[in-house]
Amino acid sequence: MWPGRTRIGASAGLMGLLVLVTCGGSSAARDEQAWRLAEKAYQEHGDGSAHGLWAALDPTAPKGREAHRRLAAADQQYRHAIDLFRANAPGVREAMQEGLALGPIDPTHYLTLARLCAERGITLRAVDFYRKYLNQGPAPTEATAARLELANLAAGKDPFPPLFAEGTRPPESPQAWPTPIWTLAFLGPALAFALLIALAVALAIALILRTRNRRRGLRRLLADRPEWHQTVAYHLGCLRHEFLKHRVGPLGETLRAIARATASADESRFLRDRLSQGTPLRLAWRAQLHALERSMGIAWKLDAVDPVFRRARVAMEHLGRQRWPIRPADAKRLLVAHAALMSFDRQLSELVAGLVRCSVDEALLREVVESTRSEWVTGKVPLDEIQIGPVPPGVEVDVFRTDLRIVLKNVVRNAIQAVAAAPAPRRLALDVQVEPEPTGEEFVVFRVRDSSPSGLHAGDSKGSDMEHGLGIVNTALRRYDGSMQVVPESDGYAKAVLVRFFHSQRRLASEDAA
Amino acid sequence: MNRLLVIEDGNEYAEFARLFLAAHFHIVVAQRAADALACLRAQPVDVLLIDLRFDRAVEADLVGDVNATAHRLFAGDRERALRHLQDQQGVLILAELRAAGFGQRAVFIHEFLPRRMENLRRLYGPVHALPTFDCAALRRALEEED
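Taken in order, these protein sequences are the chains called V and W. According to the numbering used here, the first sequence is numbered sequentially starting from 1. According to the numbering used here, the second sequence is numbered sequentially starting from 515.
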């Protein structure tokens with residue numbers, strides 16, 4: 001379960017409590033109680049989830065004024081820390097700690113921090129920041145962008161100081177206030193009522209989210225969740241092969257023969273066997289869809305929500321409900337259902353062809369090298385020669401661009417760090433080759449060569465290079481059916497890391513079709 | 515009458531061929547590469563109808579080394595390598611047959627992308643593919659001259 005849901009509910013509840021508190025009693029008491037709640041939320045969660053409560057305090061009341069002053073001062077520290085982090089300068093941790101001592105961080109900073117961490121390959125921390133950002137319920141446009149970026153991050157090493165890790169607490173506030181007995185007596189029933197309100201709000205939010213998701217068809221879901229593309233492509237392939245091609249596809253010939261009143265007894269038996277024997281059509285269909293739904297972790301039935309799947313289900317049920325023997329007039333109706341399922345097959349083919357892919361060109365390789373060289377550590381390594389390309393034309397891989405950049409940046413980063421310890425001339429080269437397979441498929445091979453023999457005996461991606469941050473690469477390789485090998489090189493290079501992904505071939509296919 | 519060798523791990527292709535193509539071809543069936551080779555050596559065969567995916571085939575019957583494939587292509591992951599060999603088994607069997615000197619026209623019922631089709635023809639000569647079980651189109655693909 002997405003951990004933020006609980007937090008959203010808790011924040012909504014606290015906000016409701018804050019509203020209640022500010023609606024009754026004297027202004028001084030309201031100010032005091034509201035401040036206490038906001039402070040309590042910050043002490044409990046230790047992150048930006050309390051920022052809204054602090055910002056909602058009345059700036060004209062003494063406590064509220066003080067809270068706003070602290071928020072502004074804290075924000076200066078957080079911004080300073082972000083600037084230092086962006087410039088790869090020291091002092092990030094100290095600036096963050098000073099901000100934490102003053103007040104909660106503005107959750108909008110989480111997105112900046114997440115992107116900076118992602119850029120630097122600090123993926124675990126980036127994921128954490130993205131989640132914290134999304135937990136605060138940002139605007140839909142920003143949320144969609146952040147969700148996309150988050151979805152394409154893989155797990156990796158995390159050298160960022162543990163300032164915002166789950167369970168950490170900010171330092172104690174410099175002012176501690178004793179709680180008067182009369183306040184507790186007032187807060188008892190108020191708290192109970194507020195908790196009820198909070199529960200209702202949380203339930204309403206959950207219902208809204210559930211309803212919104214339920215309305216989504218597969219195409220829309222995939223637009224928001226590129227990390228599902230690989231597995232969905234695989235399951236749609238199974239549905240097409242097992243159900244539509246083998247089970248339904250051959251029925252057309254016999255149905256046409258029956259419609260023409262020319263079918264033999266064997267042909268009729270063939271049709272009956274296909275429709276009646278083995279797993280019933282309806283169950284075979286549901287089993288395939290269930291596998292697809294489960295792979296995406298959705299709790300609703302695609303053929304009840306998605307109109308394309310719903311039409312196919314209706315056609316499938318029509319095929320499965322015929323009466324025996326089938327008369328020519330019935331066969332004509334069943335042929336319509338058969339045609340609908342064949343049309344569904346073509347729609348799935350188009351859907352799969354439009355899933356995640358990334359064009360590979362020299363600009364991408366250049367961007368990877370420049371981005372890696374802009375990092376603090378790798379930027380200091382003097383390189384005598386950097387060679388980028390060539391890249392064959394029309395190369396595409398079924399890998400989300402962000403993930404491909406993460407993989408290549410990690411390999412390039414390791415190569416640069418390796419040559420730093422090697423004697424001059426220090427050389428680095430990155431190019432792409434297309435290798436044919438006996439199956440007629442092709443592999444796109446990203447070749448990162450360097451002049452350091454370090455890591456040459458690592459073998460494949462499970463080798464010792466894992467210690468240098470290649471765990472993140474392995475995660476992406478598993479996700480996209482990729483692989484990595486380290487091989488010896490010549491011509492002034494000591495080794496090459498070969499990263500392989502399947503060639504998507506789709507663009508060239510459409511060109512040929514045109 | 516021409517001989518058609520159907521190569522598949524199940525019986526769907528053979529059943530379809532016996533029902534709709536028996537008037538035009540003598541149907542012979544093999545369920546793995548070794549059987550297909552034995553069949554081709556024992557009797558003349560004019561054309562091959564090959565399933566692409568052999569999901570039901572056990573590892574021992576597959577063309578291709580799972581461990582070597584896992585190491586070379588899938589970062590050592592045997593499960594993915596096995597799936598890959600099963601998914602592409604029809605083409606790998608065709609490669610075995612071609613290597614053994616059998617150059618008959620091969621027909622797949624699969625939607626190959628154009629670039630892959632070009633590669634297959636470059637590697638294995640006369641190869642055709644149809645997207646669905648269409649009897650008339652299948653007969654044309656099996657019978658027409660290259």
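Don't be surprised by glycine CBs; every beta carbon is placed ideally from N, CA and C. Since we're looking at a predicted model, the values are computed, not measured.
Shorter than 8 angstroms from the beta carbon of residue i to some beta carbon of chain V?
i	result
ASN633 (chain W)	yes
GLU529 (chain W)	yes
ARG517 (chain W)	no
GLN602 (chain W)	yes
VAL580 (chain W)	no
GLU606 (chain W)	Going by the sequence as given, residue 606 (chain W) is Leu instead of Glu. Closer than 8 angstroms to some Cβ of chain V, the Cβ of LEU606 (chain W) qualifies, so yes.
ALA526 (chain W)	First, the amino acid is wrong: residue 526 (chain W) is Glu here, not Ala. It does; some Cβ of chain V falls within 8 angstroms.
ARG570 (chain W)	no
By how many angstroms is the C-alpha of residue j removed from the C-alpha of residue i?
i	j	result
ARG567 (chain W)	LEU203 (chain V)	47 angstroms
HIS338 (chain V)	VAL572 (chain W)	33 angstroms
ARG357 (chain V)	THR112 (chain V)	26 angstroms
PRO250 (chain V)	CYS238 (chain V)	17 angstroms
VAL395 (chain V)	GLU362 (chain V)	11 angstroms
ALA126 (chain V)	GLU119 (chain V)	9 angstroms
CYS41 (chain V)	LEU195 (chain V)	The residue asked about is misnamed: residue 41 (chain V) is Ala in this sequence, not Cys. So the two alpha carbons sit approximately 14 angstroms from each other.
ASP345 (chain V)	ARG240 (chain V)	6 angstroms
LEU729 (chain W)	ALA550 (chain W)	Past the boundaries of the shown model lies residue 729 (chain W); chain W is included only from 515 to 660, so the question cannot be answered.
ARG323 (chain V)	GLU657 (chain W)	37 angstroms
ALA233 (chain V)	ARG225 (chain V)	13 angstroms
ALA198 (chain V)	ARG294 (chain V)	32 angstroms
GLY99 (chain V)	ASP58 (chain V)	21 angstroms
LEU644 (chain W)	LEU652 (chain W)	7 angstroms
PRO423 (chain V)	ASP398 (chain V)	38 angstroms
PRO393 (chain V)	ASN581 (chain W)	32 angstroms
GLY492 (chain V)	ARG586 (chain W)	25 angstroms
LEU148 (chain V)	TRP228 (chain V)	11 angstroms
GLY297 (chain V)	SER451 (chain V)	45 angstroms
TRP300 (chain V)	TRP285 (chain V)	15 angstroms
HIS538 (chain W)	ASN516 (chain W)	7 angstroms
PRO628 (chain W)	PRO558 (chain W)	31 angstroms
VAL499 (chain V)	ARG313 (chain V)	41 angstroms
Using a Cβ-Cβ cutoff of less than 6 angstroms, which residues in the same chain neighbour residue i once the five nearest sequence positions on both sides are dropped?
i	result
THR372 (chain V)	THR378, LYS409, VAL412, ARG413
ASP591 (chain W)	ALA584
ALA315 (chain V)	ALA337, ALA340, LEU341
PHE616 (chain W)	LEU554
For the alpha helix (DSSP H) that contains residue i, what are its first and last residues?
i	result
VAL419 (chain V)	401–420
MET342 (chain V)	328–353
HIS585 (chain W)	580–587
MET296 (chain V)	281–296
ASN667 (chain W)	Not covered by the structure: residue 667 (chain W). The range shown for chain W is 515 to 660.
SER483 (chain V)	Here SER483 (chain V) belongs to no alpha helix (DSSP H); instead the beta strand (DSSP E) covers 483–488.
PRO140 (chain V)	140–151
ASP303 (chain V)	302–305
LYS380 (chain V)	First-last for LYS380 (chain V): undefined, no H or E at that position.
Once the 5 residues before and after residue i are set aside, which same chain residues still bring their CB inside 7 angstroms of it?
i	result
ALA165 (chain V)	Model confidence at ALA165 (chain V) stands at a pLDDT of 39, short of 50, so the residue's coordinates are unreliable and nothing is read from them.
ILE388 (chain V)	GLU362, LEU365, ARG366, VAL369, LEU430
HIS51 (chain V)	PRO104, ILE105, ASP106, PRO107
VAL448 (chain V)	VAL411, VAL412, ALA415, LEU430, ALA496, VAL497
Any beta carbon of chain W sitting closer than 8 angstroms to that of residue i?
i	result
GLU528 (chain V)	Absent from the model: residue 528 (chain V). The displayed extent of chain V is 1 to 514, so no value can be given.
THR439 (chain V)	yes
LYS527 (chain V)	One cannot answer for residue 527 (chain V) here, as it falls past the ends of chain V, which runs 1 to 514.
SER343 (chain V)	no
LEU477 (chain V)	yes
MET316 (chain V)	no
PHE270 (chain V)	yes
May I ask whether a heavy atom of the ligand ATP can be found less than 7 angstroms away from the beta carbon of residue i?
i	result
ARG30 (chain V)	The ligand ATP is absent from the structure shown, which contains no ligands of any kind.
If you follow the beta strand (DSSP E) that residue i is part of, which residue opens it and which one closes it?
i	result
ILE386 (chain V)	385–388
HIS540 (chain W)	539–544
PHE446 (chain V)	442–450
GLN602 (chain W)	GLN602 (chain W) -> no beta strand (DSSP E), and no H or E assigned at all.
PHE270 (chain V)	Per DSSP, PHE270 (chain V) belongs to no beta strand (DSSP E); it is in the alpha helix (DSSP H), 265–276.
ARG426 (chain V)	Careful: ARG426 (chain V) lies outside any beta strand (DSSP E) and carries neither H nor E.
Just to confirm my understanding: we take residue i, look at its own chain, exclude 5 residues before and 5 after, and list those with CB closer than 8 angstroms. What are they?
i	result
LEU218 (chain V)	VAL232, LEU302, ASP306, VAL308, PHE309, LEU351
> Using a Cβ cut-off of 7 angstroms, which residues of the region 635–658 of chain W contact any Cβ in chain V, in chain order?
Replying inline: Listed in sequence order: LEU637, THR646, PHE647, CYS649.
>> Under 7 angstroms, CB to CB, which of the residues in the region 400–420 of chain V have a partner in chain W?
In response: When CB distances to chain W are screened at a threshold of 7 angstroms, not a single residue of the region 400–420 of chain V falls below it.
> Along the region 610–629 of chain W, what residues have a CB closer than 9 angstroms to any CB found in chain V?
Replying inline: From the region 610–629 of chain W, only ILE623, HIS624, GLU625, PHE626, LEU627, PRO628, ARG629 have a Cβ closer than 9 angstroms to chain V.
> If you measure beta-carbon to beta-carbon, which residues of the region 532–565 of chain W are closer than 7 angstroms to chain V?
Replying inline: Listed by position along the chain: LEU533, PHE534.
>> By the 8 angstroms beta-carbon criterion, what residues does the region 585–597 of chain W contribute toward chain V?
In response: Those would be HIS585, ARG586, LEU587, PHE588, ALA589, GLY590, ASP591, ARG594, in chain order.
>> Under 7 angstroms, CB to CB, which of the residues in the region 248–267 of chain V have a partner in chain W?
In response: Residues of the region 248–267 of chain V with a C-beta atom less than 7 angstroms from some C-beta of chain W are GLY249, PRO250, GLU253, ASP266, GLU267, listed in chain order.
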